Amino acid sequence: MKQVAIFGSTGSIGKSTLDVLRLHLDKFKVFALTGHSNHKLLFEQCREFKPAHVYISNPSLACELAAWLRDAQLATEVLSSTNDLASIASHPAVDIIMSAIVGSAGLIPTYQAAKHGKRILLANKESLVAGGSIINQAVKENHAQLIPVDSEHSAIYQALPFGYSSLDDIGVEKIILTASGGPFLNTPYDKLQHVTAGEAVKHPNWSMGQKISVDSSTLMNKGLEVIEAYWLFNARIEQIEVVVHPQSIIHSMVQYQDSSIIAQLGSPDMKTPIAYALSAPQRIESGSSRLDFTKLSSLTFTTPDTKRFPCLALAWEGLRRGGGSCAVLNAANEIAVAKFLAGKHGFYDIPQMIESAMNQFASSSPHTIEEILELDYEVRDYCQA
Ligand code: NAD
Ligand code: MG
């Protein structure tokens with residue numbers, strides 16, 4: 037029995053993770069659940085999975101949750117102090133963590149799990165974007181495992197031989213990330229200036245949390261994924277390519293030196309990469325529907341338009357600049373997206389704010405997790421002003 041802690045269990049990835057675990061209660065036990073404010077859902081999840089611990093960020097909701105659990109005669113302990121996320125991630129009983137908090141709030145549990153040699157199922161791409169080098173070092177030094185959940189990175193992981201040493205050793209030429217193009221794939225520039233948050237979160241293929249849905253509409257999601265691929269696979273910048281594939285059937289590909297391309301295909305459902313991350317290299321039932329090739333009309337591919345979607349170009353720029361640039365880009369994007377969702381920002385204010393922050397903090401060079409958190413805080417402050 038592997039003990040699993042799910043960070044962000046009330047979110048889209050967290051709920052899908054519980055859907056997969058429900059199919060395999062003979063192999064996995066839920067040790068802890070965490071959420072930000074949805075205490076009703078956390079209570080329901082505790083009733084079903086009976087974890088040892090549940091964490092909620094809001095202390096006043098924690099009291100109510102504890103009362104409900106007492107009334108239901110459940111022994112789950114309620115936690116809500118700031119250090120508790122780190123304590124759960126580093127708890128000796130935990131074998132696997134699902135890192136599915138949104139944004140840089142996921143950095144601490146991911147880092148702590150790495151420091152304590154856990155198997156990390158990584159959905160929270162923002163932690164690698166902000167702290168890739170430090171997390172990779174912690175993973176290496178403590179023999180942790182960092183397994184991608186993001187569908188593109190899971191596809192690449194599946195298209196590489198298990199346990200390979202380096203991309204060069206196995207003759208990888210390119211990593212090709214596919215992008216759906218989001219809801220505004222064919223929207224002209226002058227219309228994009230006036231799109232609303234409501235339109236932005238209507239993704240054509242995937243059902244996801246609000247922040248990643250906006251990121252998909254600006255193509256920043258693909259930008260974050262380029263940076264994520266760079267750290268996950270120890271790739272060179274020029275080895276990573278993005279191609280727009282609106283059907284989201286091919287989840288990504290690896291091109292080898294002999295010109296072979298290995299792709300992973302499947303229905304657009306996060307339960308597939310979650311199941312693989314839980315059990316790789318073994319395969320287990322995911323509960324996802326099967327692809328029917330006879331019902332696929334066509335698979336198409338185009339080049340991304342970085343003029344209409346400058347966020348993607350900013351992510352490449354962040355990687356090229358190095359230092360703290362990607363952490364700055366990530367923090368500025370989080371604030372810009374929150375402002376857009378609140379109706380205080382237009383679509384193109386998002387890349388403008390990110391570019392301004394990247395220039396303002398151009399000389400930043402964080403070397404520790406504490407320095408990354410400090411930079412993240414300063415950039416948020418700058419963008420909030
Ligand atoms: P979501 O908004 O649906 O869920 C976010 C979760 O994080 C919730 O449980 C919420 O309670 C928790 N949370 C939010 N702020 C928090 C804070 N400050 N402290 C503690 N907990 C907090 O988001 P999602 O779509 O599930 O995405 C989660 C992560 O997975 C993101 O990093 C996203 O980029 C990544 N991801 C998501 C998908 C997808 O299909 N949804 C695909 C690939 C990667
Ligand atoms: Mg993805």
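For the sequence shown, the positions run 37 to 421 when the working numbering is used.
Glycine included, every Cβ here is placed at the ideal spot set by N, Cα and C.
All values reported here derive from a predicted model rather than from experimental measurement.
{"query": "In three-state terms, what does DSSP make of Gln148?", "result": "helix"}
{"query": "Can you tell me the Cα-Cα spacing of Pro309 and Ile170, whole angstroms?", "result": "25 Å"}
{"query": "Within a Cβ cutoff of 6 Å, which residues of the same chain sit near Pro114, ignoring the five residues on either side of it in sequence?", "result": "It should be pointed out that residue 114 corresponds to Val in this sequence rather than to Pro. So the list reads Val90, Ala98, Leu101, Ala102, once near-sequence residues are dropped."}
{"query": "For the alpha helix (DSSP H) containing Ser135, name the first residue and the last one.", "result": "Looking at the DSSP string, Ser135 is not in any alpha helix (DSSP H); the run it does join, the beta strand (DSSP E), is 132-135."}
{"query": "With a cut-off of 8 Å, do at least 3 Cβ pairs link the stretch 205-218 to the stretch 247-267?", "result": "yes"}
{"query": "Give the secondary structure of Lys210 by DSSP, where H, G and I count as helix, E and B as strand, and everything else as coil.", "result": "strand"}
{"query": "Per DSSP, Ala19 forms a beta bridge with which residues?", "result": "Residue 19 is absent from the structure shown; the chain starts at 37 and stops at 421."}
{"query": "What residue from Glu406, Ser163, His127, Val280 has the CA that sits closest to Gly153's CA?", "result": "His127"}
{"query": "Following a CB-centred definition, is Asp186 positioned closer than 6 Å to any heavy atom of ligand 2?", "result": "yes"}
{"query": "State yes or no: is the C-beta of Phe43 within less than 7 Å of the C-beta of Ser135?", "result": "yes"}
{"query": "Leu228 and Phe383 - do their beta-carbons sit closer together than 7 Å?", "result": "yes"}
{"query": "Just the Cα atoms here: how many angstroms apart are Leu335 and Val231?", "result": "27 Å"}
{"query": "Rounded to whole angstroms, how far is the Cβ of Thr112 from the Cβ of Pro145, which I believe are closer than 8 Å?", "result": "At roughly 18 Å, the Cβ-Cβ gap does not stay under 8 Å, so Thr112 and Pro145 are not in contact."}
{"query": "Could you check what DSSP says for Thr53 in three-state terms: helix, strand or coil?", "result": "helix"}
{"query": "Using the beta-carbon count (16 or more within 10 Å), is Arg83 buried or exposed?", "result": "exposed"}
{"query": "In the DSSP assignment, what are the bridge partners of Pro87?", "result": "The partner list for Pro87 (beta bridge, DSSP) is empty, contrary to what the question assumes."}
{"query": "Would Ile4 and Leu301 be called neighbours here (beta carbons separated by less than 7 Å)?", "result": "Not covered by the structure: residue 4. The range shown for the chain is 37 to 421."}
{"query": "Using 10 angstroms around the beta-carbon of Arg155, count the other beta-carbons present and answer buried if the total reaches 16, otherwise exposed.", "result": "buried"}
{"query": "Using only alpha-carbon positions, find the residue among Pro184, Asp120, His381 that is nearest to Ala316.", "result": "Pro184"}
{"query": "In three-state terms, what does DSSP make of Met37?", "result": "coil"}
{"query": "Below 7 Å between beta carbons: does that hold for Val165 and Asn395?", "result": "no"}
{"query": "Could you tell me if the beta carbon of Ala233 falls within a distance shorter than 6 Å of some heavy atom in ligand 1?", "result": "no"}
{"query": "Excluding the 5 residues flanking Thr339 on each side, which residues of the same chain have their C-beta closer than 8 Å to its C-beta?", "result": "Val279, Val280"}
{"query": "At 4 residues or longer, what runs of the alpha helix (DSSP H) sit wholly inside the stretch 243-319?", "result": "246-254, 256-268, 307-315"}
{"query": "Phe198 by DSSP, collapsed to three states: which one?", "result": "coil"}
{"query": "Does the distance between the C-beta of Thr308 and the nearest non-hydrogen atom of ligand 1 fall short of 6 Å?", "result": "no"}
{"query": "DSSP beta-bridge partners for Gln181?", "result": "Arg155"}
{"query": "Alpha carbon to alpha carbon, how far is Val373 from Glu235?", "result": "14 Å"}
{"query": "Of the choices Phe85, Leu196, Ala41, Leu143, whose alpha-carbon is the least far from that of Ala129?", "result": "Ala41"}
{"query": "What do you get for Phe397, buried or exposed, if any count of 16 or more other CB atoms within 10 angstroms of its CB means buried?", "result": "buried"}
{"query": "Pairing CB atoms from the stretch 253-269 with CB atoms from the stretch 378-393, are three or more of them under 8 Å?", "result": "yes"}
{"query": "Is the separation between the beta-carbon of Ile297 and that of Met306 shorter than 7 Å?", "result": "no"}
{"query": "Among the candidates Lys331, Gly323, Ile390, whose CA atom is the shortest distance from the CA of Leu348?", "result": "Ile390"}
{"query": "Any heavy atom of ligand 1 inside 6 Å of the beta-carbon of His72?", "result": "yes"}
{"query": "Please look up how many angstroms separate the CB atoms of Ser400 and Gly359, rounded, as I've assumed it's under 8 Å.", "result": "6 Å"}
{"query": "Using the Cβ count rule (16 or more neighbours within 10 Å means buried), how would you classify Gln291?", "result": "buried"}
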